[in-house]
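Novice: The structure that follows is given in the form of structure tokens.
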Amino acid sequence: MTVLPLLLQAAPVASEQNIPVIILTVVSLLAFLVAGLLNAVETALEHLSKASAEDLVDDEREGAKLVLAQVSDRARTDRSVRSLRLAMQSVATVFLTLVLVQSGWVWWLIALIALLGNWLLLSVAVSVVPRQFSYRWPGGVMLFLRSLTAFAVKLNSLFEPVTRSLRRLRPASTQTEAEARREMADDLREMVDQVGEAELFEDEDRKMLRSVFELGQTLVREVMLPRPDMIVIDATANLRDAMKLFVRSGFSRLPVIGEDSDDIRGLVYFKDVTRNLMAHPETATLPVTKVMRQAHFLPEILYADDVLRLMQRDSFHMAILVDEWGGIAGLVTLEDLLEEVVGELTDEHDREIEEEPAQVAEGVWQVPSRYPIDDLGEIFEIELEDEDVDSVGGLVAKVLNKVPLPGAKVVVKNLEFIAQEAMGRRKQVAYYHVRALPAESE
């Protein structure tokens, strides 16, 4: 109750000081101007890459080396410029309000004009106009305002000790790594969408950038080839057997297994087998273990972008993924990870897979691998069901107890299934030729 009278008594004193309106106005406008220039620097800093700044240095532009230093320490520069801009906006707002207070108008009119005036100046003069220039000429803006930027950095450095002290008082983050990655990816995706709205990126480029950001929160097991779908070769096989399997499967690398698929002993490469058979034909009976290479084993819970960096650092293209119990979960290749970014990679000879069966000869149907077995039963007017699988490819794999390869043949309920060509980068059988056998062949 005692505060309000004191404020009312102090108000006339402030007005009696009679600060020249012209001084208040000039200071306010200068503060708005500086805030607008700093906003232009912020925008230019976002759009000027380090490579572009290096080009300015190569062109021997005046002040280019200072701009390159500011761009190289982008985080500190941006933080300094933003802090000074906010301070200038506060100064401009306060001094504009003081100008209106000295007008002698009623308080609600002063408040209304102050709000509208600040909104207009901040949105147009400080935000829209400077950003338009910075979008078009980020390099020129940074060169022109390099001294103002350097002043902001120098001024901010004076408050660094205080900032560091406050940062220590901040409670530690309770975010897990997955939550932090997800939050960062969401922020980056939103940034890409905002840039895309300005028509700076094509749709394909925007999709690719979003895929890059999502790679950081995608577990590698989500893109792997599961263990049941792996084409492997037994450690007792020789080079001739390996060559046959390479030709049938279309792969250039095969895991070598021992007692079972959990006992992966290495990888055999098509080029190693070919080199030995061509240079020394007598090595055809040599065991594949003599030419196999060491396999790279990784946990299946790694993130896809981490695996991609490991492949780049250690120069390998295939990794065997291990689950939490130490068993083999599957494998992932460099191509699998790249497909997450650029989309499906297809061979020039691959054709689009038809989703519906087609009759290719009298009594012979070409059926897609993913075609439901109950629908296939309707074609041949028999009951074809299985509790474990739903597709034609799954049924053949179950009967064979391994991944089907081109030429594989099985008979189920008097229907003969013959695996046809393998398609796609993973070389999986795309079609089966199915025909009903004579009754005596059952």
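Read in order, the letters of the sequence shown correspond to residues 1493 to 1934 in my numbering. Heads up, the beta-carbon is just placed ideally off N, CA and C, and yes, glycines get one too.
1. Can you tell me whether Y1531 is buried or exposed, with buried defined as 16 or more other CB within 10 angstroms of its CB?
2. State the Cα-Cα distance for the pair G1609 and S1619, rounded to the nearest angstrom.
3. Express the C-alpha separation of I1865 and E1877 in angstroms, rounding to a whole number.
4. For P1860, write down the residues that DSSP places opposite it in a beta bridge.
5. In chain order, what are the residue ranges of uninterrupted alpha helix (DSSP H) at least 4 long that sit wholly in the segment 1619-1659?
6. Report back the beta-carbon spacing between L1613 and A1556 to the nearest angstrom; my notes put them in contact at under 8 Å.
7. Whose C-beta lies closer than 7 Å to the C-beta of V1559 among residues of the same chain, with five residues either side of it excluded?
8. What separation, rounded to the nearest whole angstrom, lies between the Cα atoms of T1766 and P1898?
9. What do you get for W1857, buried or exposed, if any count of 16 or more other CB atoms within 10 angstroms of its CB means buried?
10. Taking the Cβ atom as the reference point for each residue, do V1824 and V1903 lie within a distance shorter than 8 Å?
11. Identify the residues that DSSP records as bridge partners of T1825: which are they?
12. Just checking my contact of E1913 with A1922 at CB under 8 Å: how many whole Å lie between their CB atoms?
13. Buried or exposed for T1728, please, with buried defined as at least 16 other CB atoms from any protein chain shown within 10 angstroms of its CB.
14. Which same chain residues, not among the five before or five after Y1937, have their C-beta less than 6 Å away from its C-beta?
15. Can you tell me the Cβ-Cβ gap for T1641 and V1563, rounded? I've got them flagged as a contact below 8 Å.
16. Kindly indicate which residue of L1647, A1603, L1525, V1518 has the alpha-carbon position closest to the one of L1576.
17. Just to confirm, are M1937 and S1753 a CB contact at a threshold of 8 Å?
18. Expressed to the nearest angstrom, what Euclidean distance is found between the alpha-carbon atoms of I1871 and M1810?
19. Going by CA-CA distance only, name the one from A1787, Q1786, R1785, N1768 that's closest to L1778.
20. Is the Cβ of A1850 closer than 8 Å to any Cβ of chain D?
21. Taking the C-alpha atoms as reference points, what is the distance between A1771 and K1782?
22. Beta carbon of G1742, beta carbon of R1785: below 8 Å?
23. Taking the continuous alpha helix (DSSP H) assigned at Q1581, which residues delimit it?
24. Candidates Q1709, A1536, A1584: which alpha carbon is nearest V1518's?
25. Which value, in whole angstroms, describes the spacing of the CA atoms of R1801 and L1830?
26. Using only the alpha-carbon positions, how far apart do I1749 and Y1627 sit?
27. Buried or exposed for E1552, going by 16 or more other Cβ atoms inside 10 Å?
28. So what's N1906 in DSSP terms, helix, strand or just coil?
29. Return yes when the Cβ of F1587 is within less than 8 Å of the Cβ of L1516, no when it is not.
30. Might you give, ordered along the chain, the residues of its own chain that have their beta carbon closer than 8 Å to the beta carbon of P1718, omitting 5 neighbours on each side?
31. If you draw a straight line from the alpha carbon of L1578 to that of V1814, how long is it in whole angstroms?
32. Less than 8 Å between the CB atoms is what I'm expecting for V1645 and R1568, so what's the real figure, rounded?
33. Just verifying my parser: in three-state terms, what is the DSSP assignment at S1883?
34. Please state whether DSSP places V1598 in a helix, a strand or coil.
Specialist: Once the coordinates are examined:
1. Before going further, note that residue 1531 is Asn rather than Tyr in the sequence given. So N1531 counts as buried.
2. 14 Å
3. 7 Å
4. Y1923
5. 1621-1628, 1630-1636, 1638-1650
6. Incorrect: roughly 32 Å between the Cβ atoms, too far for contact.
7. A1545, L1548, M1634, L1635, R1638
8. 21 Å
9. buried
10. no
11. M1810
12. 6 Å
13. exposed
14. Residue 1937 is absent from the structure shown; the chain starts at 1493 and stops at 1934.
15. The pair is not a contact, with the Cβ atoms about 10 Å apart (cut-off 8 Å).
16. L1647
17. This structure gives no information on residue 1937, because the portion of the chain shown stretches from 1493 to 1934.
18. 41 Å
19. N1768
20. Structure shown: chain D not included; a single protein chain is present.
21. 16 Å
22. no
23. 1566-1593
24. A1584
25. 12 Å
26. 58 Å
27. exposed
28. coil
29. yes
30. A1821, G1822
31. 52 Å
32. 7 Å
33. strand
34. coil
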